[in-house]
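If you count by my numbering, then the sequence shown holds residues 236 to 412, one letter each, in order.
Heads up, the beta-carbon is just placed ideally off N, CA and C, and yes, glycines get one too.
In what follows, a structure is listed as structure tokens, so that the remarks can point back to it.
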Amino acid sequence: MDKSIVRVELIERLEKLSEVEKGKIEKRLVEKLLAHSWWENASTIGLTLAQALEIDTKPLIKAAWQSDKKVVVPRTKKAGQMDFVYYTPETKMERSSFGILEPIKSLPAVPKEQIQLLIVPGVGFNSAGYRIGFGAGYYDRYLADYQGKTISLALPQQLTNDWTVDSYDIPVQLILT
């Protein structure tokens, strides 16, 4: 099935999920991630500042800071590219063209090789680790030459094998459910 159709169906599933149920599942996923060796061994972790339908990343950011880990968050660039920037409570932020908060353009990017673990967001995931994002391809382009570890957190409503993987799609190494 076409990704755009599957994306719409997955978003509808997520919108039907109650906040209480979503919160319970997210808490369990956060606990699984925090106990994973990849998280424990990483000194710099890439995370998104989650949007409404995504897994809430605030508990992960807080846990990283409490463990003296560095947090980096994505910043979009021209031509569908993105980079990551160190994120602290003092980081100056601005709205992207998508309306998403991201670090201001003048802050320096963190080299990919300094990021040991990326927590990769998605709308949907299949059993082979491939994901459907929001359709702009930023993560697939970033992951094409990223050498660190990649994990996605997935609600049961996000799991499906009902789409065709494209040649440019990059799977994550691990999906926690």
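What are the partner residues of residue i, as DSSP defines its beta bridges?
i    : result
V306 : I280
S402 : According to DSSP, S402 bridges with nothing at all.
T311 : M317
I367 : G359
P338 : M328
I246 : Looking at the DSSP assignment, I246 forms no beta bridge with any residue, so it has no partner.
K384 : L352
I296 : BP columns for I296 are empty, so no partner.
Report, in whole angstroms, the separation of the C-beta atoms of residue i and residue j, which I expect to be a contact under 8 Å.
i    : j    : result
V355 : S387 : 5 Å
L390 : L252 : 7 Å
M328 : Y373 : Not a contact, Cβ separation roughly 17 Å.
T311 : S341 : About 15 Å separates the two Cβ atoms, so there is no contact after all.
D291 : A285 : 5 Å
K304 : I280 : 6 Å
Using a Cβ-Cβ cutoff of less than 7 Å, which residues in the same chain neighbour residue i once the five nearest sequence positions on both sides are dropped?
i    : result
A363 : P406
K293 : none
A379 : I405
D397 : M236, V241
I260 : L390
S278 : K304, K305, Q351
Shortest alpha-carbon distance to residue i belongs to which of the options?
i    : options                : result
I240 : I367, G383, P338       : I367
V306 : A270, K312, T326, T412 : T326
L353 : A287, T283, S332       : T283
F333 : Q349, G315, L409, N276 : G315
Taking 6 Å as the limit between beta carbons, can you name the residues of its chain near residue i, skipping five residues before and five after?
i    : result
Y381 : K347
Q349 : T279
Could you pull out every residue in the same chain whose Cβ sits closer than 8 Å to the Cβ of residue i, ignoring the five residues on either side in sequence?
i    : result
L411 : L264, K267, L268, H271, I386, S387, L388, A389
N361 : L394, T395, N396, W398, V400
V358 : R242, L245, I246, L249, L288, R366, I367, G368, F369, Q393
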